[in-house]
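Scroll down for the structure; my scribbles are underneath it.
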Amino acid sequence: MTNHWIDLKNSDVILAMGGNPASNHPISMKWIMRAREKGAKLICVDPRFSQTAAKADLYAPLRSGTDIAFLGGMIRYILENDLYFKDYLVNYSNAAFLVNPDFKGPADLDGLFSGYNPDTKKYDKASWAFQKDENGIALKDVSLQDPNCVFQLLKKQYARYTPEKVVNITGTPMDKLMEVYKLYSSTGKPNRVGTECYAMGWTQHTIGTQNIRAMTIIQMLLGNMGMPGGGINALRGESNVQGSTDYGILFHILPGYNPVPNAALVDLATYNEKNTPTTKEPGSVNWWSNRPKYVASYLKAVYGTAATKENDFGYSWMPKLDVGMNASWLMIFDKMYKGEFDGFFAWGQNPACSGANSNKTREAMTKLKWLVNVNLFDNETASFWRGPGMNPKDIQTEVFMLPCCSSMEKEGSITNSGRWGQWRYKAIEPQGGSLPDAEIINELFFKVKELYQKEGGAFPDPIVNLSWEYGERDASGKIKHIDTHAIAKEINGYYLEDVYDTKVDPPELIGKKGDLVPSFAFLQADGSTSSGNWLYCNSYVLKDGKPVNMMARRGKEDPTGLGLYSGWSWAWPVNRRIIYNRASVDLQGKPWDPNRALIAWNPTKPAPKGKTGGWDGDVPDGGAPPMASSGKLPFIMKADGIASVFGPGLAEGPFPEHYEALECPVEKNSMSGQRINPTIKIFGDKMDAFASCDMRFPFVGTTYRVSEHWQTGCMTRHCSWLLEMQPQNFVEMSTELAKELKLENGETVVVSSARGKVKAVALVSERFKPFKIADSTVHQVGLPWHFGWQFPEDGSGYDSANLLTPNVGDANTMIPESKAFMVNVQKA
Amino acid sequence: MGVSRRDFLKLSGGTALIASLGVNLDSAKAYARELRIKNAKQTTTICPYCSVGCGIIVYAENGKIINTEGDPDHPISEGTLCSKGASVMQLANNDKRLGKPLYRAPGETAWKQVEWEWALDRIAHLVKDTRDKSFKTVSTSKVMEKQADGTELLVEKEFVVNRTDKIAHVGSAALDNEECYLLQKLVRSWGLVYVEHQARI
């Protein structure tokens, strides 16, 4: 989330689209309802009349996978009716930037952008570049009239998204569509703010990233980014999926969003050169220019004293990807299916039910030599070898199921969707013979290290040089028990030497060797500081000489009245509660909306060294004075300091364009001749089957969650209170479809796709309605994905809805398209 | 700062004031509740399910959790919880928790319980054997390279990679931050690059 949960109360219009907070983040509704009590409006756009819709002021249905058409139409409406916030747009976005005159878009090229290569399915992005002057600064037309400026290109791109065309694609009733456009666009005024809440309903599409991009364009047009009550808010599905992403448990990023090195970046200097953005834009902070400090500090945290200037801080010990290599989820299971992995860890995860196309995932695991699953309870992954259709005698995989403890049986922090790192205390000892995950990691670290020390082996350097200073050692040198605070402090980082500011004469001592670094502004690129994750530098600091765990704070002060609660726990970065908050003020540093003053420039505020002038309110995105007095642009993480209305970085184009899902009910994309995203990867095995516009699978399918279960249910199906409330798989459908299929509510049915089938109870409801798409009727059904064959043990829960979903991913992220696919429903 | 329900209990000297205030049945219930958790150790935690981050107070006695309830001081949840958060006690008090590590040998048809030490030793050996057999010091990448005539050409070259392609890891969005940090540190030290988790799906 750019903002945070309580901040929802500061909104005038809340758009829940691509997410269902009432069911999946129930307590967040408290803050949405708090906003409504003050007169705010809640809009829900969803294929199904969800629990959020039930609380909404305005509900509009749309067919799964057509969000860009819906949002593109909203962009057109805002532009046609001059509802955009011009001062904000011109100063804080690239709307005024001039693009290469060779650039062509879908309006010119029947759904494609210039530079497409059908053989590689990739774009040459040369024509998407900005025009630059002789100093390398982008040319701009602040009148927004130049035909090559981003604003005019945006107009041209979305002129085609007329309401008539949109409803033909989305199936949304025209009156509801126009009501949504009108209400949400009302936030384009300085004193009105709109926010967006999305979740997997936007990400799990082959056009997932562009769904979100479309909304960011709207938020920039309306001046809603950086504002209290505004922003783009990803409602994360797991308690610490924000934290685990921040900590880089992904193939492409290290902790703190530094890229995983590829092989051609042969040393740290090359890595830094290629990965550190530069800019000539005079007002840009370009925060990522600090990347070398964060990477060096990370390497120092990882390899400790073994990391020296001479050995590039151990850079060569890091495993490297091949150039362009994709090691993401779908690739892992494709390789596993082809027998290319021997060993596999599924740690706190149940991929046999959670990934798309579970049959392929389950089959893939039979090819492994060994598998380790770490979880509280047995599950479909650990027990894959005794699952449906498996013959254990034929499966040569050695399997370990390691019981880890629950969060109440250990100590540590997790980061919620609003980026608050909150501390959890240990209430009881680990139950049921389990161990905390940290202890399992500790054991494996020492056991593997010991083997290398005793026997030698392939390249032991990264293993034997790993720094592991987390508590008291036994006689053999092993850490007996992990001290979580020691890890938290290593993550924050230390001064490893006395650090001086050499810019002043005589040099001034900034930090003393051995002290915790107070914030990432003090991290160094020369190995004199460590930090396991620069984003969390400031989470464990010295106050009056004593270490203070900022994540454990319980202060309740709220001086702004905006619900920032800056003294409660700690938010990254540097306890900033709303990201890009410098966009909430005008060029003079005055809040756009004085009634929602998040930060404000105070010229008389005492500043260091006897100076005056500073920001009141939230921790600002950089301390520079307001733009009008030689200040800095607000979007500090972007190289050019402004937000990208035109985003040349993505795979399928700088503007979102509507493409149909890989599996869809229409022969032709009404927007262009390009039916699907032209840049997606399609796997080619028989297990990767898909079927579009195929009479065998006539209905649109989607997946979702219910309040009583969590993800694959591997931590809720074993809880009797929850299982009693939601005991088994169901498929929800309209009364119209049930009538057509001659099905009664409560009947057992089989739902099938090109990849698999699953049993479910027919849930016939008014919540789904048939869609009118062009001249035909399209039915949609939905299933929760919480169930699996392993528990309840009698099989009464049936199995996972992911047996149906396709293993095709978004062109940028490779997140599978679990939200739009084609199915059939038949009596069991 | 407002007075929360717990502060109120402290201020009012436990249950006496509550009992004198209200309806008979409520006060009796409050009294009974106080008794049940009177000697319990209180710790705070954050719900392990969705990402709202609601506060929960855990009451433990004799090493067992005897009650959990919403933390009224928590600024997001203000004492409220959804069905999952309210049932969190069942994660700890649950006879389906495993007791010991489970092991299934190749071709076997059933789990058997094993000791931690044995299981971890065996996994460590498997990691090492697999890593040693598959360790890649160099690998081929295609890169653009400047030619003598100044043009650029896509060429295949060998580079140092120091990795294994034979072990993959997925998970874990339910671990604590400190554990996530440790986990990525561990698997990357082994040379794994096929490292993914819930954020990708």
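Residue numbers (the working numbering), protein chains in the order written: chain U, 2 to 829; chain B, -13 to 187.
All residues carry an ideal CB built from backbone N, CA and C; glycine is no exception.
What does a CB cutoff of less than 6 Å around Q184(B) pick up in its chain, not counting 5 residues either side in sequence? As a first step, residue 184(B) must be located in the second sequence, where it is residue number 198. Within the same chain, Q184(B) has close Cβ partners A159.
Suppose you measure from the CA of K143(B) to the CA of T126(B); what does that come to, to the nearest Å? One-based indexing of the second sequence puts residue 143(B) at position 157. One-based indexing of the second sequence puts residue 126(B) at position 140. For K143(B) and T126(B), the distance between alpha carbons rounds to 5 Å.
Residue range of the unbroken beta strand (DSSP E) whose run includes M175(U): Here residue 175(U) is taken as the residue at index 174 of the first sequence, counted from 1. Note, M175(U): premise wrong, no beta strand (DSSP E); alpha helix (DSSP H) at M175 to S186.
Answer with buried or exposed for H482(U), where buried requires no fewer than 16 other C-beta atoms within 10 angstroms of its C-beta. Residue 482(U) sits at position 481 when you count from the first residue of the first sequence. Answer is exposed; the Cβ neighbour count stays below 16.
Beta carbon of V167(U), beta carbon of L634(U): below 8 Å? If you number the first sequence from 1, residue 167(U) lands on position 166. If you number the first sequence from 1, residue 634(U) lands on position 633. Not in contact: V167(U) and L634(U) (Cβ atoms no closer than 8 Å).
Hey, H155(U) and I76(U): beta-carbon distance below 8 Å or not? By 1-based counting over the first sequence, the position of residue 155(U) is 154. By 1-based counting over the first sequence, the position of residue 76(U) is 75. Residue identity differs from the one stated: residue 155(U) is Leu in this sequence, not His. Contact flag set, yes.
Going by alpha carbons, who is nearest to F446(U) out of L169(B), I187(B) and R186(B)? Counting from one through the first sequence, the residue named residue 446(U) turns up at place 445. It is L169(B).
Sequence-distant residues of the same chain with beta carbon closer than 6 Å to G71(B), five excluded per side: For the purposes of this step, residue 71(B) is identified with residue 85 of the second sequence, where counting begins at 1. Closer than 6 Å at the Cβ level, and outside the excluded window around G71(B), lie C33 and C40.
Within 10 angstroms of its Cβ, does W573(U) collect 16 or more other Cβ (buried), or is it exposed? In the first sequence, residue 573(U) corresponds to position 572, counting from 1. Answer is buried; the Cβ neighbour count reaches 16.
Helix, strand or coil, according to DSSP, for K760(U) in the structure here? Position 759 of the first sequence, counted from the first residue, corresponds to residue 760(U). Strand, per DSSP.
Specify whether the segment 137 to 157 of chain B and the segment 318 to 326 of chain U touch according to this definition: at least 3 beta carbon pairs, one from each stretch, less than 8 Å apart. yes
Helix, strand or coil at C354(U) [DSSP, three-state]: Counting from one through the first sequence, the residue named residue 354(U) turns up at place 353. Here C354(U) sits in helix by DSSP.
Using DSSP with H/G/I as helix, E/B as strand and the rest coil, what is Q28(B)? For the purposes of this step, residue 28(B) is identified with residue 42 of the second sequence, where counting begins at 1. If DSSP states are grouped into helix, strand and coil, Q28(B) belongs with the strands.
Please report whether the beta-carbon of V179(B) lies at a distance below 8 Å from any beta-carbon of chain U. In the second sequence, counting from the first residue as 1, residue 179(B) sits at position 193. Chain U, which has a Cβ nearer than 8 Å to the Cβ of V179(B), makes this yes.
Shorter than 8 Å from the beta carbon of K152(B) to some beta carbon of chain U? Your numbering for residue 152(B) matches position 166 in the second sequence. Yes, K152(B) lies at the interface with chain U (some Cβ there is under 8 Å from its Cβ).
At least one CB of chain B closer than 8 Å to the CB of L467(U): is that the case? Translated into the one-based positions of the first sequence, residue 467(U) becomes position 466. So yes, L467(U) belongs to the interface.
For Q712(U) and P507(U), what's the separation of their Cα atoms in angstroms? Stepping through the first sequence from its first residue, residue 712(U) is reached at position 711. Stepping through the first sequence from its first residue, residue 507(U) is reached at position 506. The alpha-carbon atoms of Q712(U) and P507(U) are separated by roughly 58 Å.
Contact set between P92(B) and chain U, taken where Cβ atoms lie within less than 7 Å: Your numbering for residue 92(B) matches position 106 in the second sequence. Going along chain U in sequence order, the residues near P92(B) (Cβ under 7 Å) are Q397, T398 and E399.
Go through the segment 347 to 408 of chain U residue by residue and report every complete run of the beta strand (DSSP E) that reaches 3 residues or more, in order. 371 to 376 and 399 to 404
Coarse secondary structure for V809(U), derived from DSSP in three states: What you label residue 809(U) is simply residue 808 of the first sequence in a count that begins at 1. Three-state DSSP puts V809(U) in coil, outside helix and strand.
Taking all protein chains shown into account, decide if K24(B) is buried (16 or more other Cβ within 10 angstroms of its Cβ) or exposed. Sequence index remark: in the second sequence, residue 24(B) carries index 38 (1-based). That one is exposed.
Quick one: using the 10 Å Cβ neighbour count with 16 as the cut-off for buried, is W104(B) buried or exposed? The count along the second sequence starts at 1 and reaches residue 104(B) at position 118. With fewer than 16 other Cβ atoms within 10 Å, it is exposed.
Going along chain U, which residues have a C-beta under 7 Å from P58(B)? Stepping through the second sequence from its first residue, residue 58(B) is reached at position 72. Within chain U, no residue comes near P58(B); the closest Cβ sits about 11 Å away, beyond 7 Å.
Test item: CB-CB of Y304(U) and L467(U) under 8 Å: For this step, residue 304(U) is matched to residue 303 along the first sequence. For this step, residue 467(U) is matched to residue 466 along the first sequence. Yes; because the gap between Cβ atoms is below 8 Å, this pair is in contact.
Which residues in the same chain have their Cβ closer than 6 Å to the Cβ of T54(B), if we skip the five residues on either side of it in sequence? As a position in the second sequence, residue 54(B) is number 68, starting the count at 1. I42, V44, V74 and M75, listed in sequence order.
The alpha helix (DSSP H) enclosing W104(B), as first and last residue numbers: Residue mapping note: residue 104(B) aligns to position 118 of the second sequence, counting from 1. W102 to S120 is the extent of the alpha helix (DSSP H) around W104(B).
What residue does the alpha helix (DSSP H) around A96(U) start on, and which one ends it? As a working note, residue 96(U) is residue 95 in the first sequence. First-last for A96(U): undefined, no H or E at that position.
Would you list the residues sitting across from T530(U) in a DSSP beta bridge? On the first sequence, position 529 is the one that residue 530(U) refers to. The partner list for T530(U) (beta bridge, DSSP) reads Y496(U).
For a contact defined as C-beta to C-beta under 7 Å, what are the partners of G238(U) on chain B? Within the first sequence, numbered from 1, the residue matching residue 238(U) stands at position 237. The answer, in chain order, is C36 and S37.
Looking only at its chain, what residues have a beta carbon closer than 7 Å to the beta carbon of L742(U), apart from the 5 residues adjacent to it on each side? Along the first sequence, one-based indexing puts residue 742(U) at 741. These residues qualify, in order along the chain: V826.
What residues from the segment 717 to 728 of chain U come within 8 Å of chain B, judged by C-beta to C-beta, listed N to C? T717, H719, C720, S721, W722, L723 and M726
Per-residue DSSP class, three states only, for T271(U): Taking the first residue of the first sequence as position 1, residue 271(U) is located at position 270. Looking at T271(U) - three-state DSSP - the assignment turns out to be helix.
Please identify the residue among K740(U), T778(U), A755(U) and F772(U) whose C-alpha is closest to the C-alpha of A763(U). Along the first sequence, one-based indexing puts residue 763(U) at 762. Per the Cα distances, K740(U).
Three-state secondary structure assigned by DSSP to T309(U): In the first sequence, the residue the question calls residue 309(U) occupies position 308. Reduced to three states, the DSSP call for T309(U) is coil.
Excluding sequence positions up to five away, which residues of its chain have a Cβ less than 6 Å from the Cβ of F(-6)(B)? Stepping through the second sequence from its first residue, residue -6(B) is reached at position 8. For F(-6)(B), the predicted structure reports a pLDDT of 41, less than 50, and the residue's modelled location is therefore unreliable. A value from the coordinates is still provided. Same-chain partners within the cutoff: there are none.
Could you list which residues in chain B have their beta carbon closer than 7 Å to that of L322(U), in chain order? Sequence index remark: in the first sequence, residue 322(U) carries index 321 (1-based). Within chain B, the residues near L322(U) are V179.
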